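These notes are about the structure you will find just below.
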Amino acid sequence: MSVDLDAALKFAVSIAKEAGQMMRDGQARRFSQDAGQEEKANSVDLVTECDQQVEKFLVAKIKAEYPDHKFIGEESYDGEKVTDDPTWIVDPIDGTTNFIHGFPMVATSIGLAIGGIPVLGVIYNPFLDLLYTGAEGRGAYMNESIKLPTAVRSLDSLSEALVAVEYGSSRRDPALSNKLDTFKRLTGDKRDGHKMVHSLRSVGSAALNICFVAAGQLDAYWEIGCWPWDVCAGMAILKEAGGASYAGKMTEKGWTGEPNAAIMAGRKYLFIRQVPAAKGDTVRAAQ
Ligand code: IPD
8 MSVDLDAALK FAVSIAKEAG QMMRDGQARR FSQDAGQEEK ANSVDLVTEC DQQVEKFLVA
68 KIKAEYPDHK FIGEESYDGE KVTDDPTWIV DPIDGTTNFI HGFPMVATSI GLAIGGIPVL
128 GVIYNPFLDL LYTGAEGRGA YMNESIKLPT AVRSLDSLSE ALVAVEYGSS RRDPALSNKL
188 DTFKRLTGDK RDGHKMVHSL RSVGSAALNI CFVAAGQLDA YWEIGCWPWD VCAGMAILKE
248 AGGASYAGKM TEKGWTGEPN AAIMAGRKYL FIRQVPAAKG DTVRAAQ
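Structure below.
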């Protein structure tokens, strides 16, 4: 089934903007009422009424426009696998915890995968009015007019990097220890054998972390526990900006991830703008 990516991109931008207005309205309602939220897997895995409303809106629009395509959304997910069919993979509100706290790092994330490969991504933060887009062979853009350059400043060593990580919602071992060990290996002093990167950032939205890597505003982003709707749109944008995504696992020998083709391949992800030039100092080796 062939898909006109130019038309799909235009469509996805228009529904992302509408979803953004719903999020602004939802935030205004939350500020004026004692708005609540529900817990999913645990007390830090949250969903609001607005997440559900935005997802219903997006699924209705996508099904009307592309009745033959498949749909996977965070709030309606019921174990569907990503097949080879064109599949829209959507996070209505990525950064729900930020949304609940009124912290403006929140985005709607709309991705399209074909053959399991992310080919189109639209990520819109309505609170900062920041739009990131990318479609296969068409480049990646910020706010539609600023093309993200594929050549970026040279990073001689991982020690010069600004790296995003997230705590995510899985707070039990072994995941928690794995995250904390990685944070330590990245930030600790070189005299103790660590990488001592410039610093870590935790934006609270996987989609925005990936966009910031794509735009060269961050050098790398590492997280355990992402789902396809957290990463699909971002992968498409990052690839068009010259970056790479890896899915893999951490062993005592380091990161074993490979360039990612299938977005269900793993739930540990590494996104990079570029691999540092210094021998033996790759982002992968640091994991
Ligand atoms: C979460 C955010 C968070 C990341 C989690 C995601 P949600 O998505 O992107 O930054 O750490 O892994 O699940 O729940 O806000 O849509």
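This note's numbering applies: residue 8 is where the sequence shown begins, and numbers increase by one.
Even glycine gets a Cβ: it sits at the ideal position worked out from N, Cα and C.
Keep in mind the model is a prediction, meaning the values are calculated, not measured.
Candidates the options, of which the one nearest residue i by Cα
i: ALA67; options: ALA26, GLN224, GLY86; result: ALA26
i: ASP52; options: GLY211, ALA142, PRO266, ALA147; result: GLY211
i: GLU45; options: GLN59, SER39, ARG36; result: GLN59
i: VAL61; options: ALA42, LEU183, PRO99; result: PRO99
i: VAL89; options: GLY195, GLY250, TRP234; result: TRP234
i: ILE107; options: LEU207, PHE219, ILE279, ALA42; result: ALA42
i: LEU207; options: GLY200, MET149, LYS186, ASP199; result: LYS186
i: ASP101; options: PRO93, TRP95, PRO111; result: PRO111
i: GLU167; options: MET203, ARG178, MET149, PRO181; result: MET203
i: ASP92; options: ILE69, PRO156, GLY122, GLU72; result: GLY122
i: ILE79; options: GLY33, SER21, ASP237, SER50; result: ASP237
i: CYS218; options: LYS17, THR103, PHE38, PRO156; result: PRO156
i: ASN216; options: LYS63, SER39, LEU245, LEU16; result: LEU245
i: SER209; options: SER164, LYS63, GLY200, PHE190; result: PHE190
i: ALA254; options: PHE134, ASP188, ILE124, ALA23; result: ILE124
i: ASP163; options: ARG280, ASP188, LYS24, GLN40; result: ARG280
i: LYS24; options: SER50, ASN150, ASP85; result: ASN150
C-alpha distance - residue i paired with residue j, whole-angstrom precision
i: GLN294; j: VAL170; result: Summary for GLN294: the model assigns pLDDT 47, below 50, so the residue's position carries little reliability; its value from the coordinates is reported in the next sentence. Cα to Cα, GLN294 sits roughly 12 Å from VAL170.
i: MET30; j: GLU82; result: 15 Å
i: LYS154; j: GLY249; result: 12 Å
i: ALA295; j: ALA158; result: Outside the displayed span of the chain (8 to 294) sits residue 295, for which this structure offers no information.
i: ALA182; j: PHE278; result: 19 Å
i: ASP75; j: PHE18; result: 16 Å
i: SER21; j: GLN28; result: 11 Å
i: MET8; j: VAL126; result: 14 Å
i: PHE38; j: HIS201; result: 43 Å
i: ARG179; j: GLY33; result: 32 Å
i: PHE134; j: HIS205; result: 28 Å
i: THR103; j: ARG198; result: 39 Å
i: LEU16; j: SER152; result: 14 Å
i: LEU165; j: SER177; result: 27 Å
i: GLU259; j: ALA251; result: Per-residue confidence for GLU259 stands at a pLDDT of 47, beneath the threshold of 50, marking its modelled position as unreliable; no derived number is given.
i: ASN105; j: ALA114; result: 10 Å
i: TYR148; j: TYR84; result: 29 Å
i: CYS57; j: ASP196; result: 43 Å
i: GLY86; j: GLY109; result: 30 Å
i: GLN40; j: THR194; result: 41 Å
i: SER50; j: ASP188; result: 23 Å
Inter-residue CB distance, residue i and residue j (contact presumed, cutoff 8 Å)
i: GLY232; j: ARG274; result: 6 Å
i: TYR139; j: ALA221; result: 7 Å
i: GLU173; j: ALA213; result: 7 Å
i: VAL97; j: LEU137; result: Not quite, the Cβ-Cβ distance comes to about 18 Å (not below 8 Å), so this is no contact.
i: LYS77; j: THR94; result: 4 Å
i: GLY175; j: GLU230; result: 6 Å
i: LYS63; j: VAL54; result: So it is not a contact: roughly 13 Å between Cβ atoms.
Alpha helix (DSSP H) segment containing residue i, residue limits
i: LYS47; result: From DSSP, LYS47 is part of no alpha helix (DSSP H); its letter is neither H nor E.
i: GLY27; result: 12-39
i: ASN216; result: 213-221
i: PHE190; result: 182-194
i: LEU245; result: 235-247
Limits of the beta strand (DSSP E) - the one that residue i falls within
i: ASP98; result: 94-101
i: ARG208; result: 206-208
i: ASN132; result: 124-132
i: VAL61; result: No beta strand (DSSP E) contains VAL61, which is instead part of the alpha helix (DSSP H) from 56-72.
i: GLY146; result: No beta strand (DSSP E) holds GLY146; DSSP gives it neither H nor E.
i: LYS77; result: 77-80
i: VAL170; result: 169-172
i: PHE278; result: 275-279
Distance cut-off 8 Å: residue i Cβ against heavy atoms of the ligand MG
i: VAL210; result: With respect to the ligand MG, the structure shown offers nothing to examine, as its ligands consist of the ligand IPD.
> Between the region 126-143 and the region 228-244, are three or more C-beta pairs nearer than 8 Å?
Replying inline: Contact holds: three or more Cβ-Cβ distances are below 8 Å.
>> I want to know whether the region 108-123 touches the region 223-232 - three or more CB-CB distances under 8 Å.
In response: no
> Would the region 139-152 and the region 10-27 be scored as touching if the rule is three or more Cβ pairs under 8 Å?
Replying inline: yes
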